[in-house]
Amino acid sequence: MEVSGDHLKLMVKTFRRECHRIIQSERTTIHGADGMLMVLQLAMAQVNKQQGGEFKVALSDVLMAWKQLLLDKLHLPPPNFACLENYDLILEAYESFLKRSNTVDLVDIFSMYKQVHGEFNYQTDVKNTTQCGAAQELL
Numbered sequence: 001m002e003v004s005g006d007h008l009k010l011m012v013k014t015f016r017r018e019c020h021r022i023i024q025s026e027r028t029t030i031h032g033a034d035g036m037l038m039v040l041q042l043a044m045a046q047v048n049k050q051q052g053g054e055f056k057v058a059l060s061d062v063l064m065a066w067k068q069l070l071l072d073k074l075h076l077p078p079p080n081f082a083c084l085e086n087y088d089l090i091l092e093a094y095e096s097f098l099k100r101s102n103t104v105d106l107v108d109i110f111s112m113y114k115q116v117h118g119e120f121n122y123q124t125d126v127k128n129t130t131q132c133g134a135a136q137e138l139l
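Using the UniProt record's numbering, read the sequence shown as starting at 1 and increasing by one per residue.
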């Protein structure tokens with residue numbers, strides 16, 4: 001589990017160093033998984049309110065949309081499960097919120113990391129990070 005944490009730290013550190021090449025503002029907030037769920041819930045509640053309902057959403061719907069959002073943003077083929085009826089509006093509201101608030105989520109960080117470093121190689125990148133950290137400790 002520590003290797004995954006090291007890799008996440010490497011991606012965030014790389015994003016902080018190289019974000020000026022990819023996004024317009026260097027002052028960008030990164031949402032973790034909990035922040036992503038909160039933003040998704042707010043986006044879904046907003047879409048529900050616009051459709052004439054109340055500003056609320058069921059947790060089961062949020063989790064279903066979360067699964068679909070991750071698959072969609074990672075460009076993975078969706079499994080055969082029921083699609084939410086307003087998913088396009090939800091995705092638009094989610095992306096709009098991130099853009100307006102000058103924030104990115106972890107999937108965006110991963111995509112930007114791949115864009116900066118070419119093809120993603122988990123073991124090589126983590127190994128290099130560990131070796132660099134050990135070399136810095138020796139100095």
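Every residue gets a Cβ at the ideal spot worked out from N, C-alpha and C, and that includes glycine.
Check your understanding: Nearest CA to the CA of D105: which residue from M36, L70, R16, N48?
Key -> Within the sequence shown, residue 105 is the residue found at index 105, counting from 1. Checked all of M36, L70, R16, N48; the closest Cα to D105 is M36.
Exercise for review: Please report how far the alpha carbon of L10 lies from the alpha carbon of F81, in whole angstroms.
Suggested key: Counted from its first residue, the sequence shown places residue 10 at position 10. Counted from its first residue, the sequence shown places residue 81 at position 81. Near 34 Å, if we compare the C-alpha coordinates of F81 and L10.
Review point. In the structure shown, what three-state DSSP assignment does V57 receive?
Key: Along the sequence shown, one-based indexing puts residue 57 at 57. Three-state DSSP puts V57 in coil, outside helix and strand.
**Study point:** Inter-stretch contact at 8 Å, needing at least 3 Cβ pairs: the segment 111-118 / the segment 91-100
**Key:** no
Check your understanding: On the three-pair Cβ rule with 8 Å, is the segment 36-52 touching the segment 61-71?
Key -> yes
Practice item. Pull up the DSSP beta-bridge partners for D105, would you. Key: Locating residue 105 in the sequence shown gives position 105, counting from the first residue. Beta-bridge pairing links D105 to H31.
Review point. What whole-angstrom Cβ distance do L71 and P78 have, given they're in contact under 8 Å?
Key: Residue 71 sits at position 71 when you count from the first residue of the sequence shown. Residue 78 sits at position 78 when you count from the first residue of the sequence shown. With a Cβ gap of about 5 Å, L71 and P78 count as contacting.
Check your understanding: Expressed to the nearest angstrom, what Euclidean distance is found between the alpha-carbon atoms of residue 142 and D88?
Key -> In the structure as shown, the chain begins at 1 and stops at 139. Residue 142 is therefore absent and cannot be evaluated.
Point to revise | Cα-Cα separation between R17 and D6, rounded to whole angstroms | key: In the sequence shown, the residue the question calls residue 17 occupies position 17. In the sequence shown, the residue the question calls residue 6 occupies position 6. Each residue's Cα considered, the two are about 16 Å apart.
Point to revise | Classification of F15 by the beta-carbon crowding that lies within 10 angstroms, buried from 16 upward | key: Counted from its first residue, the sequence shown places residue 15 at position 15. Classification of F15: buried, given that the 10 Å Cβ count is 16 or more.
Check your understanding: For G52, which option in L8, F110, N86, V107 has the closest C-alpha, if you only look at C-alpha atoms?
Key -> On the sequence shown, position 52 is the one that residue 52 refers to. Looking at the Cα atoms, N86 is the closest of the given residues.
Review point. Would DSSP call I90 helix, strand or coil?
Key: In the sequence shown, residue 90 corresponds to position 90, counting from 1. Correct three-state label for I90: helix.
**Study point:** Environment of A58 [buried if 16+ CB atoms lie within 10 Å]
**Key:** In the sequence shown, residue 58 corresponds to position 58, counting from 1. Exposed.
Check your understanding: Cβ of Q46 within 8 Å of Cβ of A93?
Key -> Counting from one through the sequence shown, the residue named residue 46 turns up at place 46. Counting from one through the sequence shown, the residue named residue 93 turns up at place 93. Yes.
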